[in-house]
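J.: Sharing a structure with you now.
2 protein chains.
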Amino acid sequence: MSVIQQNLSTCMASSASSFIANYSFENIKSTKISIPGKFKAVVKCVAAPERTAYKTEVSRNENMAKLQAGYLFPEIARRKAAHMLKHPDAQVISLGIGDTTEPIPEVITSAMSKRSYGLSTVEGYSGYGAEQGEKVGDIKRSSNGREVGRTLERDPSYPAYVDSSVILGQTGLFQKDIEQFEKIEYMKCTPENGFFPDLCTVGRTDVIFFCSPNNPTGYAASRDQLTRLVRFAKENGSIIIYDSAYAMYVSDDSPRSIFEIPGAKEVALEVSSFSKYAGFTGVRLGWTAVPKELLYSDGFPVAKDFNRIVCTCFNGASNIAQAGGVACVSPEGIKAMHEVVGFYKENTSIIVDTFDSLGFKVYAGKNAPYVWVHFPGQGSWDVFSEILERTDVVVTPGSGFGPGGEGFIRVSAFGHRENVLEACERFKQLYK
Amino acid sequence: MSVIQQNLSTCMASSASSFIANYSFENIKSTKISIPGKFKAVVKCVAAPERTAYKTEVSRNENMAKLQAGYLFPEIARRKAAHMLKHPDAQVISLGIGDTTEPIPEVITSAMSKRSYGLSTVEGYSGYGAEQGEKVGDIKRSSNGREVGRTLERDPSYPAYVDSSVILGQTGLFQKDIEQFEKIEYMKCTPENGFFPDLCTVGRTDVIFFCSPNNPTGYAASRDQLTRLVRFAKENGSIIIYDSAYAMYVSDDSPRSIFEIPGAKEVALEVSSFSKYAGFTGVRLGWTAVPKELLYSDGFPVAKDFNRIVCTCFNGASNIAQAGGVACVSPEGIKAMHEVVGFYKENTSIIVDTFDSLGFKVYAGKNAPYVWVHFPGQGSWDVFSEILERTDVVVTPGSGFGPGGEGFIRVSAFGHRENVLEACERFKQLYK
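As you go down the protein sequences, you meet chains X and D in turn.
Numbers given in my numbering equal positions in the first sequence, counted from 1, plus 1135.
Numbers given in my numbering equal positions in the second sequence, counted from 1, plus 1135.
Encoded structure:
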């Protein structure tokens, strides 16, 4: 049994619905909901039912139980909240979750604002748009292009790749001893192999998730490496899900897209988004590129099924967000996005220089907004806790991205400049 | 093998991605894409591959092949486009797809506009929001709350219920002779049973899709009927997916929410959206209510899994759309939404009166923006074609919603007043 539920719900939402029941949205302001932090709100929702509670006869999706208790980022949020409760006066700086902090350039927000107002006019109003997105630029909400089969994941890698595979039933159980799910091949990426997997040791899978520049290691694969990856996929008949969410951060001649590699169109699709280019983490817009040359084993085009599913289950991104996307790819928008990216990359340099000066081995940091710092022989969560406890700075434990991340932390360069500088000062105090 | 792909892709999108490849979003303006109609664009994408094409070894999701060729609304769009090609001077009026046409009230768009501009300021910027939606009102992008198992569908019903079940592999093959999928129970809703199924004849299923006021029949279930439905679900241990997208259109004392029925919280979840209340079909925002009392057979709360899946796979609606949702539920917003709904209901009355005066049997029309007109002994697609050919008005063939809709057409009340009046004049000419 598998589940698709695109939409969210909690017990809080049921109060929203009950307004309709009484035809009185008016009550909404008097509906007090206590949400000190989002994690707590979730907890509130799932209070243990009483013993006498009625149960339906619908079986739970058994894959859900395989998921590990804490999705990484809520777990970090929980620990941060606990720290703040314990130290209410602490000036906590978060370089943990990779969330953007800088305002969206006005050339982009003014386009969204204009589109919003336009919806109040007869000429400017539009209803359902093309599910494929608006014309110029074909911008779409994205970030989660998923395919299935036995899956291949880089280790460490972005946790949603793993969890979505688990939910869909593509994996076996979580094996506590080796901290891996059955039926997922983890492609170890460590300093020893230059953060690129040794493809000779990797088995055949249907799907290969590959993010470059990588989250969390910040490492951008070279043209030669990606050429080998495409060849590997072709020899095995696999499909690469290539995540280029950080492509604009590339400074050297590493490819910005898998489609720079000859032959990639027959073995890869690519997902990306405006989240990290224009600060759209909250606006929510991205796109997925599925070449028409990409075919299932029976010769059927992947793009055709992808389109059908999206038209049936998704229906397209908000037209206002799409107006922002169109502005992003205007000449002024591109210039503005480069400025945003440039700012975060300066943050990256500041963090790299700090850890360098303290004698740590720092990896990548050239082509991404993340710095991957090595703490040999130490547990990632231990380092996380020490840094939080002693400097009030939140980072991300490398092991949260997979067993290959053990002994590392990821420091995010998304932050206001003064916060990044202050955090670096505190690191210097701690590790001097 | 099953597939989740939240996001869209077509061959057109791959050109968007290649801009990144060359670091030159600048080229986007020179990328000419010919999209006369959205359906055509899709066709363009899936041009038959050459004989020598490389194929991956990834199997296609076999459920996709079960889907019937045309999702209803693209098929209508195709026929409309063909008609316009044949009659280029025709003044075509569309009362087919249930798409809103009236501007969004300014109290709502100004909130979205303000939120957009605010994102350009340090104080107004925010990144990732709570996946559960913003605080006041707990507004979420919705419209597709889905659960699985053998499913129970009203007949006729909204086609996405069926297609999503097919994609997930919850059905068998489509049986051409009876025009139904195996393993879906169709609950016939006809004038004979007052558009409410005879539950004595319905088998047990995991999930019951139920939309009230119904799309397409426009019929709102009574309190007594919904009480029987909840009792039926409880006796069978089923979960009701209750779609209240048209609840604000209810004029009589029919319930606006399944949660008005005692005991419903143990057997139902409810989905709704601002699409038809505030013209948000393009803005994209809704919500899902999953009571904490709703439990799987093992006692695990459905809400908890729902929350986890949404946090992992969706990440929440656009913050700008959510600002609009918050404005919708302000006192001014509610008043404005009632005006929008009232306008469309006047359209409904005009259409009902027209078909009444022509001697047709018209059903519902009191609690919904749809009018369900009976053409006894005629095929729905034949009526569709006759109306299109002779009056240039697009309606929706009832059989597109399921075999129980054969012999009916759905006329949508979403339209500018002058278009509705003009369409009704043409109906009078045709059927006088």
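Note that beta-carbon positions come from the ideal geometry of N, C-alpha and C, so glycine has one too.
Would you call Asn1328 of chain D buried or exposed, if buried means 16 or more other Cβ atoms sit within 10 Å of its Cβ?
T.: exposed
J.: Can you give me the Cβ contacts of Val1193 of chain X inside the same chain, cut-off strictly under 8 Å, excluding the 5 residues immediately before and after it?
T.: none
J.: Using the three-state DSSP reduction, which class does Pro1504 of chain X fall into: helix, strand or coil?
T.: Reduced to three states, the DSSP call for Pro1504 of chain X is coil.
J.: I want to see whether chain D comes within less than 8 Å of Pro1532 of chain X, judged by CB atoms only; does it?
T.: Not an interface residue.
J.: Evaluate Leu1429 of chain D with the Cβ neighbour count: other Cβ atoms within 10 Å of its Cβ, from every protein chain shown; 16 or more gives buried, anything less gives exposed.
T.: Residue environment for Leu1429 of chain D: buried (at least 16 other C-beta atoms within 10 angstroms of its C-beta).
J.: Can you tell which of X:Gly1259, X:Ser1453, X:Gly1542 and X:Val1476 has its C-alpha closest to the C-alpha of Ser1251 of chain D?
T.: X:Ser1453
J.: At a Cβ threshold of 8 Å, is Glu1553 of chain X touching chain D?
T.: no
J.: Count the other CB atoms within 10 Å of the CB of Ala1578 of chain D; is the residue buried (16 or more) or exposed (fewer)?
T.: Not covered by the structure: residue 1578 of chain D. The range shown for chain D is 1136 to 1567.
J.: Based on DSSP bridge pairs, tell me the residues matched to Asp1290 of chain X.
T.: X:Lys1323
J.: Is there a Cβ of chain X sitting closer than 8 Å to that of Asp1341 of chain D, yes or no?
T.: yes
J.: I'd like the list of long-range same chain contacts for Tyr1158 of chain X, defined as Cβ closer than 7 Å, with 5 residues on each side in sequence excluded.
T.: With a pLDDT of only 29 at Tyr1158 of chain X, under the threshold of 50, the placement of this residue in the model should not be trusted; the figure read from the coordinates follows. Result list for Tyr1158 of chain X: empty, nothing under 7 Å.
J.: Per DSSP, which one or two residues make a beta bridge with Val1529 of chain D?
T.: D:Ser1229
J.: Tell me whether Leu1254 of chain D sits in a helix, a strand or coil according to DSSP, three-state version.
T.: DSSP places Leu1254 of chain D in coil when its eight states are reduced to three.
J.: DSSP state of Val1337 of chain X, grouped into three classes?
T.: It is coil, neither helix nor strand.
J.: Check the C-beta distance from Glu1405 of chain D over to Ser1392 of chain D and give it rounded, since I have them as a contact under 8 Å.
T.: 6 Å
J.: Does the Cβ-Cβ distance between Thr1489 of chain D and Lys1567 of chain D come in under 8 Å?
T.: No, they are not a contact pair.
J.: Quick one: Cα of Phe1435 of chain D to Cα of Leu1254 of chain X, how far?
T.: 43 Å
J.: Give me the Cβ distance between Glu1237 of chain D and Phe1478 of chain D, rounded to the nearest whole Å; I'm assuming they're in contact under 8 Å.
T.: 6 Å
J.: Are Tyr1293 of chain X and Cys1335 of chain X closer than 8 Å when you measure CB to CB?
T.: No, Cβ-Cβ distance for Tyr1293 of chain X and Cys1335 of chain X is not below 8 Å.
J.: What do you reckon, are the CB atoms on Val1475 of chain D and Gly1414 of chain D nearer than 8 Å?
T.: yes
J.: Are the C-beta of Lys1496 of chain D and some C-beta of chain X separated by less than 8 Å?
T.: no
J.: Could you tell me which chain C residues have their CB closer than 8 Å to the CB of Leu1207 of chain D, listed as they occur along the chain?
T.: The structure shown contains no chain C; its protein chains are X and D.
J.: Report the partner residues of Tyr1377 of chain D according to the DSSP bridge assignment.
T.: D:Phe1345 and D:Glu1405
J.: For Ile1544 of chain D, does the three-state DSSP call read helix, strand or coil?
T.: Note: Ile1544 of chain D maps to strand in three-state DSSP.
J.: Is there at least one Cβ from chain X nearer than 8 Å to Met1199 of chain D's Cβ?
T.: yes
J.: Using 10 angstroms around the beta-carbon of Ala1200 of chain D, count the other beta-carbons present and answer buried if the total reaches 16, otherwise exposed.
T.: The C-beta of Ala1200 of chain D has fewer than 16 other C-beta atoms within 10 Å across all chains shown, which makes the residue exposed.
J.: Which one of X:Tyr1431, X:Thr1286 and X:Thr1423 has the shortest CA to CA distance from Glu1197 of chain D?
T.: X:Tyr1431
J.: For Gly1435 of chain D and chain X, any beta-carbon pair shorter than 8 Å?
T.: Residue 1435 of chain D is actually Phe in this sequence, not Gly. Chain X, which has a Cβ nearer than 8 Å to the Cβ of Phe1435 of chain D, makes this yes.
J.: For Ile1376 of chain X versus Phe1344 of chain X, is the C-beta distance shorter than 8 Å?
T.: Going by beta carbons, Ile1376 of chain X and Phe1344 of chain X fall inside the 8 Å limit.
J.: Which chain X residues sit within Cβ distance under 9 Å of Val1402 of chain D?
T.: Tyr1189 and Thr1191
J.: So, helix, strand or coil for Leu1430 of chain X, using DSSP?
T.: Strand, per DSSP.
J.: Is Thr1416 of chain D near Thr1191 of chain D, with beta carbons less than 8 Å apart?
T.: No, these two residues do not count as a Cβ contact at 8 Å.
J.: Quick check: is the beta carbon of Val1138 of chain D nearer than 8 Å to any beta carbon in chain X?
T.: A caution first: Val1138 of chain D carries a pLDDT of 24, below 50, which makes its placement in the model unreliable, though a value can still be read off. So yes, Val1138 of chain D belongs to the interface.
J.: Would you mind giving the Cβ-Cβ distance between Gly1398 of chain D and Ala1246 of chain D, rounded to the nearest angstrom? I have them listed as a contact below 8 Å.
T.: Not quite, the Cβ-Cβ distance comes to about 37 Å (not below 8 Å), so this is no contact.
J.: With a 10 Å radius around its C-beta and 16 neighbouring C-beta atoms as the bar for buried, classify Thr1256 of chain X as buried or exposed.
T.: Counting Cβ neighbours within 10 Å, Thr1256 of chain X comes out exposed, since fewer than 16 surround it.
J.: Secondary structure at Phe1330 of chain X, three-state DSSP: helix, strand or coil?
T.: In the structure shown, Phe1330 of chain X sits in coil (DSSP, three-state: anything other than H, G, I, E or B).
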